[in-house]
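**Student:** One structure is given below, represented as structure tokens, and several questions about it will come after.
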Amino acid sequence: MRLRSAVVSVSFAAAAPAAMATEPVHYVCADKTELTATFHMSPGAAELVFAGSGEAISLPQAPSADGGRNVKGDTEFWIKGRDATLARGDSRTTCKS
2 MRLRSAVVSV
12 SFAAAAPAAM
22 ATEPVHYVCA
32 DKTELTATFH
42 MSPGAAELVF
52 AGSGEAISLP
62 QAPSADGGRN
72 VKGDTEFWIK
82 GRDATLARGD
92 SRTTCKS
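What follows is the structure, given as structure tokens:
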């Protein structure tokens, strides 16, 4: 019976919509940057929307030994728990949700 319920669970997980995303998470950074991040499960990506400017960027998921890491060009957003690091070019700041 356990095997049957495991197979059913896997089947439902495989049938889930590909565009599943987390609820948006608001971050405030040490340099006063504010942004909202939405994490998309498939494909693995983070969409960042910056408060004030409304600038939006999508960062594909990148390999990480610890936490979640999303990178595109010279922009990197690395999260672990409620903490994050945002790097844009030569600028780097820490953020909290």
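Read left to right, the sequence shown gives residues 2 to 98 (the numbering used here). For every residue, glycine included, the Cβ atom is placed at its ideal position computed from N, Cα and C.
Would the beta-carbon of A88 fall within 8 Å of that of E77?
**Tutor:** Here residue 88 is taken as the residue at index 87 of the sequence shown, counted from 1. Here residue 77 is taken as the residue at index 76 of the sequence shown, counted from 1. Yes. Within cutoff.
**Student:** Smallest Cα separation from G90: which of V72, A38, P64 and S54?
**Tutor:** Within the sequence shown, the letter at position 89 stands for residue 90. Per the Cα distances, V72.
**Student:** Any idea what DSSP makes of R93, helix, strand or coil?
**Tutor:** Within the sequence shown, numbered from 1, the residue matching residue 93 stands at position 92. Strand, per DSSP.
**Student:** Enumerated in chain order, which unbroken segments of the beta strand (DSSP E) with a length of 3 residues or greater are wholly contained in the stretch 19 to 92?
**Tutor:** You should have 26 to 30, 35 to 41, 46 to 51, 57 to 63, 69 to 73, 76 to 81 and 84 to 89.
**Student:** Less than 8 Å between the CB atoms is what I'm expecting for F40 and T23, so what's the real figure, rounded?
**Tutor:** Reading the sequence shown from its first residue, position 39 is the one you call residue 40. Reading the sequence shown from its first residue, position 22 is the one you call residue 23. Sure, about 4 Å apart at Cβ, within 8 Å.
**Student:** Go through its chain and collect everything with a Cβ distance to R83's Cβ below 8 Å, but skip five positions before and after it.
**Tutor:** Sequence index remark: in the sequence shown, residue 83 carries index 82 (1-based). K97 and S98.
**Student:** Taking 8 Å as the cut-off, decide whether the C-beta atoms of T86 and D32 are in contact.
**Tutor:** For the purposes of this step, residue 86 is taken as the residue at position 85 of the sequence shown. For the purposes of this step, residue 32 is taken as the residue at position 31 of the sequence shown. Contact flag unset, no.
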